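Position one of the sequence shown corresponds to residue 1 (this note's numbering), numbered consecutively onward.
Backbone N, C-alpha and C fix where the C-beta goes; we use that ideal spot for every residue, glycine too.
Model, not experiment: these values are computed from the prediction.
Below is one structure, written out as structure tokens; the observations come after it.
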Amino acid sequence: MTSHLAVALDGDSFDAADWVAQVRLADEAGLDLVTFEDSFGRRGPDAVLVASRVAPLTRHVGLVPVATTTHTEPFHLSTALATLDHVSHGRAGWQVRVSADPAEAALLGRRAPLGFDELFAEAADAVEVVRRLWDSWADDAIIKDVATGRFIDRDKLHYIDFAGPYFAVKGPSIVPRPPQGQPVVAALAHGPRVWQRLDADVYFTTPADADAAARIVRQIPAGRKVFADLVAFLDDDQRTAIGRRGAAISDAAVFAGTPAGLADLIAAWQPAGLAGFRLWPGDPAHDLPAITRELVPELRRRGLFQPSAATTLRDRLGLPAAVNRYEGAARA
């Protein structure tokens with residue numbers, strides 16, 4: 001049985017070459033996706049823009065930036081992420097984030113943030129709006145009919161008419177439907193509140209061990225892809241890796257050891273029913289190359305990982321095709 005494999009990048013460099021070099025390592029190793037961390041309060045470039053910058057310079061790996069629903073209009077999120085999917089030819093995703101940080105609210109001239117229940121309710125509405133906007137163009141809406149001078153078939157564009165307590169969006173989008181129909185939606189899920197409230201295709205979870213991973217997988221609705229987060233400090237010598245780890249702590253399990261040792265851990269966790277693993281390099285300059293050049297070959301040798309030949313992120317992850325809700329209704 002093989003697992004999907006991802007890496008998380010959490011840098012703050014404003015040098016595009018740094019980002020391209022890191023993502024190319026993941027791309028050339030055959031990893032399924034890369035996530036790009038972001039928040040309003042952090043130093044560094046916007047994650048969606050970073051993903052858009054590296055997209056034309058990579059070929060296979062999925063590109064999943066974090067984008068915050070709090071303080072952000074879903075219409076703008078939908079257009080930015082649809083554009084990323086076009087630029088990457090169907091390799092885009094979106095990791096949904098909410099912000100309960102008063103400092104982030106202050107940056108935007110807002111008062112104290114909402115409580116968590118309201119934040120997740122707002123995020124759920126934002127995801128729904130974004131998904132509807134992606135569906136607001138039919139796949140064949142662009143006709144480019146020179147003879148009649150029509151570029152778009154207006155009957156293939158649809159109002160979404162969303163009205164809720166946080167947003168009112170009529171639509172349609174100003175960007176054609178993404179190549180995947182809908183880019184992959186992901187969420188970091190520390191507990192049931194996330195998978196019960198947010199409609200995601202992929203959940204990144206933080207189990208402490210294989211038993212905890214199995215319990216989480218049983219709770220998440222069928223059809224979703226569940227990844228386990230692991231922080232990795234890798235070295236040929238276990239003592240060196242442990243020394244580099246130092247006092248590092250994380251919500252995710254932290255592994256310090258050899259690439260073969262991490263392969264052992266992944267093999268031990270696989271029976272829990274996880275779809276894959278997202279690895280956080282403890283030190284990207286050292287551990288990202290160790291993941292791509294040492295761990296990946298070891299996993300492939302053991303039959304635990306196999307790069308996919310699929311061209312879109314949805315296909316790489318084995319997700320079903322995204323059916324356009326409005327086109328189905330129109331045909332009915």
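Taking residue i as part of the beta strand (DSSP E), name the residues at either end of that continuous run.
{"i": "R218", "result": "R218 -> not in any beta strand (DSSP E); alpha helix (DSSP H) instead, spanning A210 to Q219."}
{"i": "I142", "result": "I142 to D145"}
Beta-carbon separation of residue i and residue j under 9 Å?
{"i": "L299", "j": "S78", "result": "no"}
{"i": "R224", "j": "W195", "result": "yes"}
{"i": "A267", "j": "A256", "result": "no"}
{"i": "V202", "j": "A82", "result": "no"}
{"i": "P45", "j": "F14", "result": "yes"}
{"i": "P207", "j": "A228", "result": "yes"}
{"i": "T72", "j": "A186", "result": "no"}
I need the DSSP call for residue i, collapsed to helix, strand or coil.
{"i": "F36", "result": "strand"}
{"i": "Q180", "result": "coil"}
{"i": "A332", "result": "Confidence is the limiting factor: at A332 the pLDDT is only 46, short of 50, which leaves the residue's position unreliable and the question unanswerable from this model."}
{"i": "R132", "result": "helix"}
{"i": "P65", "result": "strand"}
{"i": "T205", "result": "strand"}
{"i": "V7", "result": "strand"}
{"i": "R316", "result": "helix"}
For chain B, find out if any of its Cβ atoms is closer than 9 Å to the Cβ of residue i; answer yes or no.
{"i": "G30", "result": "This model lacks chain B altogether; it includes just one protein chain."}
Closest to residue i by CA distance: which of the options is it?
{"i": "L25", "options": "A105, R132, A290 and P320", "result": "A290"}
{"i": "V231", "options": "R244, P221 and A121", "result": "R244"}
{"i": "K170", "options": "P284, A200, R132 and S13", "result": "R132"}
{"i": "I220", "options": "D229, F233, T205 and A106", "result": "T205"}
{"i": "A29", "options": "P320, A321, E294 and D135", "result": "E294"}
{"i": "L319", "options": "A248, P307 and A200", "result": "A200"}
{"i": "G93", "options": "A124, A208, P65 and R111", "result": "P65"}
{"i": "A21", "options": "T58, L234, D264 and L33", "result": "T58"}
{"i": "R215", "options": "S173, W269 and V184", "result": "W269"}
{"i": "I249", "options": "G282, L234, V226 and A263", "result": "G282"}
Identify the continuous alpha helix (DSSP H) that holds residue i and give its terminal residues.
{"i": "I152", "result": "Premise fails: I152 lies in the beta strand (DSSP E), R150 to I152, not in any alpha helix (DSSP H)."}
{"i": "R24", "result": "A16 to A29"}
Flag this pair as touching only if the stretch 143-159 and the stretch 101-118 have three or more C-beta atom pairs under 8 Å; answer yes or no. Contact between the stretch 143-159 and the stretch 101-118 is absent: fewer than 3 CB-CB pairs across the two stretches fall below 8 Å.
Segment contact, 8 Å Cβ cut-off, at least three pairs: the stretch 313-325 with the stretch 34-46:
Under the three-pair Cβ rule at 8 Å, the stretch 313-325 does not count as touching the stretch 34-46.
| task | Count the CB pairs spanning the stretch 49-66 and the stretch 84-92 that are closer than 8 Å, and state whether there are at least three. | result | Touching, per the Cβ criterion.
So does the stretch 269-277 actually touch the stretch 5-12, counting three or more Cβ pairs closer than 8 Å? Touching, yes, given that three or more Cβ pairs across the two stretches are closer than 8 Å.
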